[in-house]
Amino acid sequence: MDRFRMIFQYFQSNSESVMNGICGLLALASVKIYTCLDFSCPCLPHYNMAYGLGIMFVPPIALFLCGLILNRQSLVMLEEWRRPQGHRRKDLAVIRYMCCSIMQRAMVAPAVWIVVTLLDGKCLICAFSGSVDPKKFVGFANATLAQAQEMLSRVPCKEDELMRNSTSRRAVSRYLRCWSQALGWSILLILIIAVFLARWLAPCFNQAALLQTRHWSNYIDIEQKIFEETCCEHSRLFAHQCILHFFESMRKEIRQHSFDLPREKEG
Amino acid sequence: MDRFRMIFQYFQSNSESVMNGICGLLALASVKIYTCLDFSCPCLPHYNMAYGLGIMFVPPIALFLCGLILNRQSLVMLEEWRRPQGHRRKDLAVIRYMCCSIMQRAMVAPAVWIVVTLLDGKCLICAFSGSVDPKKFVGFANATLAQAQEMLSRVPCKEDELMRNSTSRRAVSRYLRCWSQALGWSILLILIIAVFLARWLAPCFNQAALLQTRHWSNYIDIEQKIFEETCCEHSRLFAHQCILHFFESMRKEIRQHSFDLPREKEG
Amino acid sequence: MDRFRMIFQYFQSNSESVMNGICGLLALASVKIYTCLDFSCPCLPHYNMAYGLGIMFVPPIALFLCGLILNRQSLVMLEEWRRPQGHRRKDLAVIRYMCCSIMQRAMVAPAVWIVVTLLDGKCLICAFSGSVDPKKFVGFANATLAQAQEMLSRVPCKEDELMRNSTSRRAVSRYLRCWSQALGWSILLILIIAVFLARWLAPCFNQAALLQTRHWSNYIDIEQKIFEETCCEHSRLFAHQCILHFFESMRKEIRQHSFDLPREKEG
């Protein structure tokens, strides 16, 4: 019992580490889903961009909402916000701190998805292959504009017979992948620099206030957990008393009624 | 309970070993990312160098910042630096020691990335294939300078029809890979010699001072961990008292109201 | 608890076995790096020998220094050597024994690398293909000396069009690989005989002195580890006391201020 109590206590006291774990699992899941997904560009002029940008931006929205749903702290924050004013005063800074930490954790998985799709490059090639200037590539020199558009829209499909073994297909594909990876690394770098500044510059300003806010946000979390446990314990005791009371009264009733029954059963 | 406490204590007391583990994982991750990344040189004269050097130097910056962000000691150091002067005097040597150890650990993963890209050679071939002197290779003898430049920029793309099965493409590629690997091994050797000198010469100088500094940096880390744990414990006790108080007063209220209810429930 | 403590104690007491493990891992890593490395000889007259010999001898130096850096005993030895003379007298034999065992372990991985490169033969073919006497092979009979040198420098590149499907290329290559493997096996045999003699003849001489030296080198290692652990334990106790003191004084301050608050909380 002591062993399990200690593990529970560990996870209860460090609620932040559990949230970090969930956030990391979501990020891993987003990478896993992307690699498992059979991404196949339609290679039709009017569908390419919608499909490519859809794959790039719809799953991140879903992952962001998942992150908000799975985060236990979001409920704690909402209840703290809506609770009636009691002896403990409501501190807006605590609610803001909790909101910030929830948002930050929920945005990790979408950011990972977008960066992974950009580093892979397939989505961006599918979305923007029709927007490339055909004059930049030698293969489209002796084709009309409509033909070039048709050919460019088929760039993402390797097996298409119009473009199979075509050097210009590979050139366009390489050009777009280069842009996609450059964009992906830039976004990643910007995000990491932002996180770095937020983490290294925050302690240089109001460190004491931040520590106090963090302590109170932790306190609210712990209070709610202990309240739930105590409620459970309390209702179990109450239910126990009720059921004992019911059996007591049932025994009394049986005893009262059994005077009407034949005497064999009672013995 | 004792077993888990011992593991926790092990990880808590040896914070350095945890940091070493994180640093090793980052280094492995950098190798893994490089092997997973679909590196495809654009083979366009003005993009090659930017893309090759970008892949070689942007991820190391990101990895370096990641190393600083993930290192728990960096926060400890910042808080030690910013804390108000109390009874324990602030020692600059301790902060310098912590800063050094953080920097060293953060620089492992970027160094691994750069050495791996140089030993692989693709990035350097992509970046500098256009800068090779075409006179050194027989294949470009009867080509104008512009043609030679165009051909050289396509050296990294094996499947390009202009250069497919061309011996000069392979010769340029081999020449650049040879330089790349030579550079990679040289950097690796220099880094290892630097680490070796730092580790073997340090004890020959002020060994006692170093040991003392290390002990104090360890002490600060432990102090902060125990402080956080005690805060958590303190707020749990406080929440417990508050909730017990709430249930006590609730029971009183129920008892007061239950005069209106039938007497059976109260018993 | 006992189980984990036992594993920890095993690794702590048997420092030699940990060192053996690290030494074996380094040897495996050297083989792994060699097989992963994309070795491509430049096939240019002035670069071949530098590249071949560089690949053969630069990594072993790096591996040797890595072996010294990773070996925890090297620091123990340096500190034993530099420590001030106390009640325990400094024994030069112990330091010499530790130095020997460190050197032996650090030399395993470089020896493995050199033997593997020689048994594989590519490096030696690349380095010395230009130094072969062309008169020995029929293919170079009707070529001038400069032509022969040019052709010989391209021997390591299979796909080079000058030498493709050439019988003389294969003959030179076979000849050099034969020498390379002969050298590799010879070095391996000499090393194994040396180890064998060192292990079988050493106990025939001063066995008692050797055992005593080994015991003392072991003692120094254990002493330092227990010292570090005790330091950690000591600073944990000290931090605990400091924090308890802080909370005690905080409680007093709260009690003093709480005269302004309603009396219910205080009870």
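Residue numbers (our numbering), protein chains in the order written: chain A, 1 to 267; chain B, 268 to 534; chain C, 535 to 801.
Backbone N, C-alpha and C define an ideal beta-carbon position, used for all residues, glycine too.
Item	Value
C/Arg797 (DSSP reduced to helix, strand or coil)	Because C/Arg797 sits at a pLDDT of 44, beneath the cut-off of 50, its placement in the model cannot be relied upon, and the following sentence gives the value as read from the coordinates. Correct three-state label for C/Arg797: coil.
Exposed unless 16 or more other CB atoms sit within 10 angstroms - verdict on A/Ala148	buried
Spatial neighbours of A/Cys23 in its chain, beta-carbon cut-off 6 Å, leaving aside the 5 residues before and after	Arg105, Val108
Contact list for the stretch 593-609 of chain C against chain B, Cβ threshold 8 Å	Pro593, Ile595, Ala596, Leu599, Cys600, Leu602, Ile603, Ser608, Leu609
Chain C within 8 Å of B/Arg349, Cβ atoms only	no
Beta-carbon proximity of C/Gln758 to C/Val610, cut-off 8 Å	yes
Short CB-CB distance (under 8 Å) between B/Leu295 and chain C	no
B/Pro470 versus C/Val592, C/Leu710, C/Trp615, C/Lys692, residue with shortest Cα-Cα distance	C/Trp615
Separation of A/Leu191 from B/Tyr318, as counted between CA atoms	20 Å
Interfacial residues, the stretch 137-153 of chain A to chain B, with Cβ spacing under 9 Å	none
Cα-Cα separation, C/Leu599 to A/Leu63	47 Å
Residue-level contact to chain B via CB, C/His774, 8 Å cutoff	yes
Partner residues on chain B for C/Glu693, Cβ-Cβ distance less than 7 Å	Arg437
Where the alpha helix (DSSP H) through C/Pro593 begins and ends	582-604
Residue span of the alpha helix (DSSP H) that contains A/Thr117, given as start and end	108-120
Min CB distance B/Ile369 to chain C below 8 Å	no
Closest by C-alpha distance to C/Phe591, when choosing among C/Glu684, C/Thr764, C/Tyr568	C/Tyr568
C-beta neighbour in chain C for B/Gly388, strict 8 Å	yes
DSSP-derived helix/strand/coil call for A/Phe206	Phe is not the amino acid found at residue 206 of chain A; the sequence shown has Asn there. Of the three classes helix, strand and coil, the one that applies to A/Asn206 here is coil, per DSSP.
Rounded distance between the beta-carbons of C/Ile777 and B/Thr497, thought under 8 Å	5 Å
Interface positions of the stretch 205-231 of chain A facing chain B (Cβ-Cβ less than 8 Å), listed along the chain	Gln207, His215, Asn218, Tyr219, Ile222, Glu223, Ile226, Phe227, Thr230
Distance CB(A/Trp216)-CB(B/Leu345) smaller than 8 Å	no
Helix, strand or coil at C/Gln607 according to DSSP, with G and I counted as helix	helix
Chain B within 8 Å of C/Tyr585, Cβ atoms only	yes
Pair within 8 Å by beta-carbon distance, A/Val132 and A/Val94	no
B/Val382 CB to nearest heavy atom of the ligand GDP below 7 Å	The model on display carries no ligand, and the ligand GDP is accordingly not part of it.
Assigned secondary structure, C/Ala677 (DSSP; H/G/I helix, E/B strand, else coil)	coil
A/Pro134 in three-state terms, based on DSSP	helix
Where C/Asn605 falls, given that 16 or more other Cβ within 10 Å makes a residue buried	buried
Contact set between B/Pro470 and chain C, taken where Cβ atoms lie within less than 7 Å	Leu609, Leu612, Glu613, Arg616
8 Å Cβ cutoff met for C/Arg636 and C/Ser608	Note that residue 636 of chain C is Ile in the sequence shown here, rather than Arg. Cβ atoms of C/Ile636 and C/Ser608: closer than 8 Å.
DSSP state of C/Arg622 mapped onto helix, strand, coil	coil
CB contact check: B/Arg503 to chain A, cutoff 8 Å	yes
Candidates B/Arg481, B/Leu386, B/Glu417, of which the one nearest B/His313 by Cα	B/Glu417
Local conformation of B/Met268 per DSSP, three classes	Note that B/Met268 scores a pLDDT of 47, beneath 50, so its modelled location is shaky and nothing firm can be said.
Neighbour list for A/Val132 in chain B, Cβ cutoff strictly below 8 Å	Residues of chain B passing the Cβ test: none, with the nearest at roughly 12 Å.
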